[in-house]
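What follows is a short report on a single structure.
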Amino acid sequence: MHEKLTTRFAPSPTGYLHIGGLRTALYNYLYARKNGGNFLLRIEDTDLKRNSKEATKAIIEAFKWCGLEHDGEVTYQSERFDLYKEYVKKLLDE
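Under the numbering used here, the first residue of the sequence shown is numbered 3, with each subsequent residue one higher.
Encoded structure:
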């Protein structure tokens, strides 16, 4: 049994989405759709000093404007710090 293919685009919201980033997102989106897979949007907002809520909003709006529909909710890396700490601790304990 094969797992469903999943691609993602994970921009860092430290500035506006540029054409190269949009091209990568489009490639991943089209690849997922062609293969019956999922396309996820994950915001890499772990750079707490340089992140911008305005840039995050602009990324999401650019996706809508271009018709890039991601599957599921947007994932924010900063909301997963506790999970990462758990795995780091596990690795260090081994």
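We treat Cβ as the ideally placed atom computed from N, Cα and C, and that holds for glycine.
(message) Determine, for Y78, whether the minimum Cβ-Cβ distance to residues of chain D falls below 8 Å.
(response) No chain D is part of this structure, which consists of one protein chain only.
(request) Give me the Cα-Cα distance between G38 and P13, rounded to the nearest whole angstrom. (result) 23 Å
(message) Am I right that Y18 and A60 are in contact with their C-beta atoms under 8 Å? What's the rounded C-beta distance?
(response) 5 Å
(request) Assign F83 to buried or exposed, taking buried as 16 or more other Cβ atoms, counted over all protein chains shown, within 10 Å of its Cβ. (result) exposed
(message) Among the candidates Y78, V76, C68, whose CA atom is the shortest distance from the CA of G23?
(response) Out of Y78, V76, C68, C68 has the C-alpha closest to the C-alpha of G23.
(request) Could you tell me if D47 is buried or exposed, where buried requires 16 or more neighbouring beta carbons within 10 angstroms of its beta carbon? (result) buried
(request) Could you spell out where the beta strand (DSSP E) holding T9 opens and where it closes? (result) 8-11
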